[in-house]
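Here the structure is laid out as C-alpha cells; the discussion comes afterwards.
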Amino acid sequence: MAGEKTFYQEYEVFSKRTPTASFQHQFSLLAPNEDMAFVLAQENFMRREPVADIWIMNRKHIRGLNEEEKMSLSRIDNKDYRETKGYGYLRKKWREYEQNMLDEKEILGGGGK
Amino acid sequence: MTGVLAMTEEDQMDRFMERIEAGEKIEADDWMPEEYRITLIKLISMHGISEIMGALPEKEWVPKAPSLRRKLGIMAKVQDEMGHGQLLLRVAEDLLKPYGKNRGDIMQDLFNEDLKFHNVFHMETKTWADAGLIGWLVDGAAIITQTDMLKASYGPYARALQRICAEEVFHAQHGEAIIMALAEGTEEQKALIQEALNRWWEALLMFFGPASKSTTGSTKQDATIKYKIRTKTNEDFRQMFFDRYIPRILSLGLTVPDPTLHYDEAEKVWKYAQPDWTEFKKIIRNEGPRSQERLNLRRHSYEHNAWVRDALAAVVN
Amino acid sequence: MSNVENGMSKAYKNAVTALLFQLADDELLYAFRASEWLGLAPHIEEDVASSSIAQDSMGHAVMYYKLLEDLGVGSEDDLAHLRPANERKNSILTERVNGEGYYMETPQYDWAYHVVRSYFYTQAKKAKVDSLCQSSYEPLVEAAMKIRMELYYHRLHWETWFKQLLSSTDVAKEKMQQAIELVMEDFGDMFSFGKDKQAIEENNLLCQEEALKASWKASIAPVFAKLQIEVPEIPETPHLNGRNGEHTKDLESALATLSEVYRIDPAAGW
C-alpha cells in the first residue's frame, strides 16, 4: 500500500499498579496523537489489573541502545567491594567484640523499634 | 563504531547462532539473518491475523449468548482475541520495518490471500455449543502450542505470548463453563455439544499441522525449531492435546468421532485416524466452509471504515 | 427511606419499577448495539478499547435488572431476554441499528453514527446518574455511585473521538454532521419518563425531565463551542416514545437475536 496516508504513530505505554509503585513498561500501540493514545492505553493493556497512573511516549522520543552499544553494559565480576557480600567477614569480627552485626533490616529500620 | 556492525555476515551469523544457543533473547533492532526475520514475520503475522480473523466466528455468538453473564463473558473473550491480534501485529510490524511495510500492508496481504489464517477459523459456528467448544478445545489447543513458545528466542514475541497465555487460561475456563452447563443440562443441550465435537474434531487435529512435510508438501516446523522459536514438533503437540483432553471429553459422556482412536501402551502414543489433509490444504487456501464470507466481512469493514483512518491521519500531531 | 424489605407503598414500588425498566433497557440495547461492532471497528486498538465500554454498559444493565429481580419482578435473565418489544422501555436511539445489513453477513456499519450516538447517550446517562445519586430509592443510589465511576472513562473516550473526527477531513466532518442529525431525530424520548413522568418525579426518584435536558446541554456546550458548532435542539415531542413501549422494527430484530438461544429453553441452565 505504498503512498497510503496513515495515522500510525507508535506509542510506548507504561503504567503503575499503585501510587507507590514504579512505572513498568506494558506494550506499544498505534494512535494518531497523544489524546487518542491515552484513551486506548488502559483498555488495551491493563484491562484486568489496577492502574494508578499511565505514561505514554511517542517512540521517536525514546533513545535505546543498539546491539553494538549494548556491549558497553558488560563488566567483570570483581566488584564485591560494592556489595554487602564483600563485607561478610564483619559478622565474625563483631562476634569477637561480643556484638551482633547490624543486619540490613536493622540498618534500614530507621531510629524506631 | 566498529565491531559487531562491521563484522562480515558470516561472523554475524556465527555470533547470532551463539546467542541463540546460549538462550539469549534477540530484540527488534538486533542484527538477525534474513531467514530468521522472514520465519518470524510469517509465523507472527499469521498468528496475529488468525486472532483477528478468529474473532469473527465467535463474534457471531456474542449478541446471542444465552444469559447476561454469558454475554459479558463472550464479549470479553472476543475482545481479548482482538487484543491478541493487536499485540502480535505490533510485533510483526516492527519486524517488517526494514521492508517499509506497516499494518495496512498486512491487511492487504490478507485480502490478497497471500497471508493465511488458521484452519479452525474457516469453520462454521452452527450453534451456541460451537462457541463453547472453541473456547474449550480450540483455545485449549492454542495454549499447548503457545506455551511452547513462551521461551522463544525472539524477545518481543515471547513477551507478547506471556500476556496472551495469561488470558488464554480465562478463555479455556470460559469455554469449559459453557460446555459444563450444556453437559449438565437437558438432553437437547447435551446433543448440542456432541454435534459440535463431531463438527470440530478433524479441524482440531489439523490445527497442529501435518506431522511432516511429506503429508502436505510444507511445514514451518524445521526453521522454527532450529532458531529456538519453538521446541516441539506438530505431532508432539497433537499428542499432548490427546493426553490432556481425551479423558476430559470422555468424562462428560461425549464420544470422540473416531472409532480407531486409542492409546497404544507399547508405543506410548495415541493412535488416531488422520484427518483429510487434502481438505486441510483447501481450507488454508481460503476454500473452507466460511473462508470467503469471513474474508469478505473483514475486507468490507476495513474498506468501509477507510474514511476513519484517513480522518485520523489528518489529526496526527 | 423505603427499601425492599420495609413495606414500600404499591405506588412507590410501581414508580421504581417503571424507572428501573427504562434504565435497564437503555443499557441493554446500547450495549447490544455496541457489541455488534466487536471485531469490526476501524482500528484494532479502538476495537479493544470500545469493547470495554460495551461490557461496562452491559454490566450496568445487569445491575438495574438485578434491582428489579430484588423487587420480585422476575429473574434478571427473563427480564432481559423474554419481554416482548411493546413492553420494552428503552429510548428509540438505543435500539437503532448501526447501519444497513444483518450482522452475520456484511453489514454497512456507520462509525460516525456510533461515535455520536455513544457520545450523546453517555452524556445523557451522566445527567441521569448524577441525579440518581440523590434518588429517594437507596439501592438505586448505591448502583448509581458505582456506575458514575466508570462513566469518566466512557465520556473521555467518546468525547475524544467526537472532537477528533469533527476536527479532521471534510469527509469526516460531513459524516459526523449527518450522524448528529440522525441521532437528534431520535433524541425526543431520551429524557422522557413517558406516562410514568408524574410517578417518577413526585417520588423523587430522579430530577425532572427539564432539569436533565439542561444538564445534558450544559455538559456538551463547551465541546461544541470549541468545535464552533451549535448545540442541537432536542425534539419537543418524540416521533415514538420508547418509554411508553412504542418502538421501531429495529428493536424487534434486536430482541429476536439477543434471546434466540435463551428462548430454546428458558428453564434450562446455560
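Chains as they are written, first to last, in numbering that gives the first Met the number 0: chain A, 0 to 112; chain B, 0 to 316; chain C, 0 to 269.
Beta carbons: idealized from backbone N, C-alpha and C, even for Gly.
Remember, it's a predicted structure, so these values are computed and weren't measured experimentally.
Taking H261 (chain B) as the centre and dropping the five residues before and after it, the same chain places the C-beta of K270 closer than 7 Å to its C-beta, in chain order.
N97 (chain C) is not a Cβ neighbour of D25 (chain C), given a cutoff of 8 Å.
For Q85 (chain B), the nearest beta carbon of chain A is closer than 8 Å to its own beta carbon. In the structure shown, the three-state DSSP call for E67 (chain A) is helix. The beta carbons of Y156 (chain B) and V90 (chain B) sit closer together than 8 Å. L18 (chain C) and F240 (chain B) have their C-alpha atoms some 51 Å from each other.
Contact annotation, D52 (chain A) with K104 (chain A): C-beta distance approximately 30 Å; criterion of less than 8 Å not satisfied. Every alpha helix (DSSP H) of 4 residues or more that sits fully in the segment 274-315 of chain B is shown, in chain order, as 276-281, 290-303 and 305-312. Using a C-beta cut-off of 8 Å, the segment 244-252 of chain C makes no contact with the segment 160-170 of chain B, since fewer than three inter-stretch Cβ pairs fall below that distance.
By the criterion of a C-beta distance shorter than 8 Å, K145 (chain C) is surrounded in its chain by M62, once the five residues flanking it on both sides are discounted.
Contact between L70 (chain C) and K12 (chain C) holds: their C-beta atoms lie close to 7 Å from each other, under 8 Å. Separation of Y120 (chain C) and E20 (chain B) (C-alpha to C-alpha, rounded to the nearest whole angstrom) is 57 Å. Proximity of Q122 (chain C) to chain A, defined by a Cβ-Cβ separation below 8 Å, is not satisfied.
Around W127 (chain B), the beta-carbon contacts reaching into chain C at under 7 Å are V260. Remark: C-beta atoms of T126 (chain B) and A180 (chain B) do not approach each other more closely than 8 Å.
Here the alpha carbons of I106 (chain A) and M100 (chain A) stand approximately 10 Å from one another. Each residue's CA atom was taken as its position, placing I263 (chain C) and L254 (chain C) some 14 Å apart.
If you look at L28 (chain A), you'll find it in the beta strand (DSSP E) that goes Q23 to A30. Put simply, the backbone Cα of D235 (chain B) is about 43 Å away from that of H303 (chain B).
Non-local C-beta neighbours of M45 (chain B) in its own chain, meaning closer than 8 Å and more than five positions away in sequence, comprise L114, K115, F116 and H117, ordered along the chain. Any Cβ of chain B closer than 8 Å to the Cβ of L72 (chain A) would place that residue at the interface, and such an atom is absent. Secondary structure remark: continuous alpha helix (DSSP H) runs of at least 4 residues inside the segment 59-147 of chain B, in chain order: 67-95, 102-110, 127-132 and 138-147. Using a CB distance below 8 Å, the part of the segment 13-29 of chain A facing chain B consists of F26, S27, L28 and L29, ordered along the chain. Using beta-carbon distances, N57 (chain A) does not count as an interface residue toward chain C, since no partner is under 8 Å. Interface residue (Cβ-Cβ distance to chain A less than 8 Å): S34 (chain C) is not classified as such. If you ignore the 5 residues before and after L132 (chain B), its C-beta comes within less than 6 Å of the C-beta of A195 and W199, all in its own chain and listed in chain order. Taking a Cβ-Cβ cut-off of 7 Å, T168 (chain C) has no neighbours in chain A, whose nearest Cβ is about 10 Å from it. In the three-state reduction of the DSSP assignment, S51 (chain C) falls in the helix class.
By alpha-carbon distance to M205 (chain B), the top candidate from B:K70, B:A140 and B:A130 is B:A140. In chain order, P65, S66, R69 and A180 make up the part of chain B whose C-beta sits under 7 Å from the C-beta of W269 (chain C). Flagged as an interface residue toward chain C: D34 (chain A), by a C-beta distance shorter than 8 Å. Around the C-beta of N203 (chain C), fewer than 16 other C-beta atoms lie within 10 Å, and the residue is accordingly described as exposed.
Between the alpha carbons of Y244 (chain B) and A265 (chain B) lies a gap of roughly 21 Å. Annotation: K196 (chain C) to K127 (chain C) spans about 14 Å, alpha carbon to alpha carbon. Using a Cβ-Cβ cut-off of 7 Å, Y7 (chain A) is close to N101 and R102 of chain B, given in chain order. Residue environment: T254 (chain B) is assigned as exposed (fewer than 16 neighbouring CB atoms within 10 Å of its CB, all protein chains considered).
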